[in-house]
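For reference, the structure is listed below as structure tokens.
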């Protein structure tokens, strides 16, 4: 049987196809940037939980860290509302440590702070679970359930934690602190959750040293992941096998 | 004889009893003042800091907790191992265990940064934390030893005293294991990080607990004008000597092991041969006053006949025990963490230097509150209930012949 030709219907089909193609293109171009950007930035809305797909980490290049420079410390104090005093009872979330090899005399200076371990001893020992590790590797203290027993300070191999010894005033609303609780570097979690780098890293960059690289260790395209892959890096007290989030280069 | 001793209110000596209560109450008043003062101003008023995070209050608290578990040993020897001499002392032993644990825990709680959150500590448990396990063991200890005391004092429940006593004995071993492990599990610090802490604390607890028991027993006997039986005194002082010697043995093993490891040399040099308070407290306090002198006294020919010698030796063991706790707790923190082995280290956070600690009067008052708590509980309890050891001398004679 011969089918009669139906030029009209071909025309209709062609219009429908082009319409669908155009719609798909419009929809695609509307969604694609979001999908792509999400993939790149991993930015998340505030109500969304953090994910273990990300592991925040830092590489400190001690060869670039300048002796006498404390810009990272100052930036941390400003960002987190610390007094900057350095008495035995004052909080210090980040400090500059000067080290000298006893055999060779080689000298280095480096920032020391919470190393955001994968297996943090502070979290293990905390009786109430106030010390905890976020899914993205940031180690924090829940100020609501910290009872101030200080066992985490006994357990931390890096002396990274401070106890708030006196009442505090004029706090940064984003960084709640309180007398009688333990605290430490949070990787500036409030900034990280806004896709900014920690204040210390920003200050180091601003000073032109660029000794600190921060980013997602799980993302092979991130600067920090590329750097730890390319260079020999060291974990402080690597013998403890804590798999620290902060690594050092040049020591 | 002991059986005829009057302990109730009708037996007089009211003034002395109230004076004891007043004394304990006065110390407690000081403790509570210190607590509220620190609660208001913060720990800035103490000598504790971000380097020495546990100080004098913890010395008193951990001592009392360790001694509390040890003092129960007297009851365990009676109920679990069937020794009549000790069974007669089981109620007092159980009471002292509860009183001293209450005292120790009171200090720990009053020293917390947020004591108002005690309820949080009781409702949020991180089961990976040995500290959390300790809280369970402490609470359980109160329940089990309380039950044990009831089985001892209620004639109908007497048959239960053996199984409950056994449970209390096992529980106290677990408790002291956990207390020692608070330090044993601290992986990063040179002074701790040793499995030896668990058994060592158990041995220390035997010595401190028995010493505390002997001191209280001596005072109670003196109070009631009872002469201590020579056979009883002889056996108890020999047991104390064994515990003190065992404590010294564990101390030697811990330090010998450390001295074998090159990475621990600096710490051992600091502790055993340093120019600091910890070296003095270790040799003079822990080893000499708390170990060698009591041993010499307990083994002296007249010790069994002279309760004063045993009393004094037990007192010295308690003094030495506090020195040991100071060396262990504060000394262990004073030695700096070695973040970069093979490097000299300096920083604004006192890296690489021996940390200093000067306890304040407030901390001392908190710590003494622990002893006062134990003292008050004991004083009231022995006044209202029959806790004075009631010996059956015929059975003791039999046991002495057998043993």
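Residue numbers (our numbering), protein chains in the order written: chain A, 81 to 331; chain B, 2 to 404.
The beta carbon of each residue, even a glycine, is placed where N, CA and C say it ideally should be.
**Message:** Determine whether the beta carbon atoms of residue 328(B) and residue 56(B) lie at a separation below 8 Å.
**Reply:** no
**Asked** Comparing the C-beta of residue 118(A) with each C-beta of chain B, is any distance below 8 Å?
**Response** In this prediction, residue 118(A) scores a pLDDT of 48, lower than 50, which makes its location untrustworthy; no coordinate-derived value is stated.
**Message:** What would DSSP say about residue 80(B), mapped onto helix, strand or coil?
**Reply:** If DSSP states are grouped into helix, strand and coil, residue 80(B) belongs with the helices.
**Against chain B: residues of the region 147-172 of chain A by CB proximity under 9 Å** = 150, 153, 166, 167, 168, 169, 170, 171 and 172
**Message:** If I measure Cβ to Cβ from residue 381(B) and keep anything under 7 Å in the same chain, skipping five residues before and after, which residues do I get?
**Reply:** Excluding residues within five positions, none has a Cβ falling inside 7 Å.
**Asked** Residues in its own chain within less than 6 Å of residue 70(B) by CB, not counting five upstream and five downstream?
**Response** 173, 176, 177 and 206
**Prompt:** Near residue 199(A), what residues of its chain come up, given a Cβ to Cβ distance below 6 Å and the 5 sequence neighbours on each side ignored?
**Reply:** 322
**residue 211(A) - containing beta strand (DSSP E), residue span** = 211-213
**Request:** Quickly, what does DSSP pair residue 328(A) with across the bridge? List them, please.
**Result:** 140(A) and 314(A)
**Asked** Within the present structure, is the beta-carbon of residue 215(B) separated from the nearest heavy atom of the ligand GTP by less than 7 Å?
**Response** Here there are no bound small molecules, and the ligand GTP is not part of this structure.
**Request:** Name, going along the chain, the residues of the region 176-190 of chain B whose beta-carbon falls closer than 8 Å to a beta-carbon of chain A.
**Result:** Taking 8 Å as the Cβ-Cβ cut-off, the region 176-190 of chain B approaches chain A at 183, 186, 187, 188, 189 and 190, given in chain order.
**Asked** Do residue 291(B) and residue 325(B) come within 8 Å of each other at the CB atom, strictly closer than that value?
**Response** yes
**Asked** When you compare each of 300(A), 245(A) and 209(A) to residue 45(B) by their alpha carbons, which one comes out closest?
**Response** 245(A)
**Request:** If I'm right that residue 153(B) touches residue 91(B) with Cβ under 8 Å, what's the distance once you round it to whole angstroms?
**Result:** The pair is a contact, with the Cβ atoms about 6 Å apart (cut-off 8 Å).
**Request:** Could you tell me the distance, in whole angstroms, from the CA atom of residue 143(B) to the CA atom of residue 109(B)?
**Result:** 16 Å
**Nearest candidate by alpha-carbon position, reference residue 318(B), set 293(B), 333(B) and 335(B)** = 293(B)
**Message:** Below 8 Å, how does it come out for the region 51-68 of chain B and the region 116-134 of chain B: are there three or more Cβ pairs, yes or no?
**Reply:** no
**Request:** Indicate whether at least one CB of chain A lies closer than 8 Å to the CB of residue 268(B).
**Result:** no
**Item:** Alpha carbon of residue 257(B) to alpha carbon of residue 190(B), nearest angstrom
**Value:** 17 Å
**Asked** Looking at residue 390(B) and residue 93(B), is the spacing between their C-beta atoms short of 8 Å?
**Response** yes
**Prompt:** chain A partners of residue 132(B), CB-CB under 8 Å?
**Reply:** In chain order: 205, 206, 207, 229 and 231.
**Message:** Am I right that residue 254(B) and residue 180(B) are in contact with their C-beta atoms under 8 Å? What's the rounded C-beta distance?
**Reply:** The Cβ separation is near 19 Å, so there is no contact.
**Contact between the region 141-156 of chain A and the region 23-32 of chain B (3+ Cβ pairs under 8 Å)** = no
**Asked** Which chain A residues are close to residue 121(B), counting only those with a beta carbon under 9 Å from its beta carbon?
**Response** 208, 210, 224, 225, 226 and 227
**Request:** Starting from the C-beta of residue 141(B), find all residues in its chain whose C-beta is less than 7 Å away, skip the five residues before and the five after it, and write them out in chain order.
**Result:** 172
**Message:** If distances are taken between C-alpha atoms only, which option among 20(B), 47(B), 169(B) and 362(B) comes closest to residue 74(B)?
**Reply:** 169(B)
**Asked** Out of curiosity, what's the CA-to-CA distance linking residue 259(B) and residue 286(B)?
**Response** 21 Å
**Message:** With a threshold of 8 Å between beta carbons, is residue 314(B) in contact with chain A?
**Reply:** no
**Item:** Closer than 8 Å to chain A by CB, residue 362(B)
**Value:** So no, residue 362(B) is outside the interface.
**Item:** Residue range of the unbroken alpha helix (DSSP H) whose run includes residue 212(B)
**Value:** 198-224
**Request:** Would you verify that the beta carbon of residue 136(B) is, or is not, closer than 8 Å to some beta carbon of chain A?
**Result:** yes
**Asked** Closest by CA to residue 183(A), which one among 341(B), 96(B), 388(B) and 383(B)?
**Response** 341(B)
**Item:** Candidates 374(B), 122(B) and 160(B), of which the one nearest residue 229(A) by Cα
**Value:** 122(B)
**Asked** Using 8 Å as the threshold, is the region 311-322 of chain A in touch with the region 167-175 of chain A, meaning 3 or more CB pairs across them?
**Response** no
**Request:** Using a Cβ cut-off of 8 Å (strictly closer), state whether residue 45(B) contacts chain A.
**Result:** Interface residue, yes.
**Prompt:** Cα-Cα, which of 272(A), 226(A), 237(A) and 145(A) is closest to residue 406(B)?
**Reply:** Residue 406(B) lies beyond the residue range present for chain B, which begins at 2 and ends at 404; the question has no answer from this structure.
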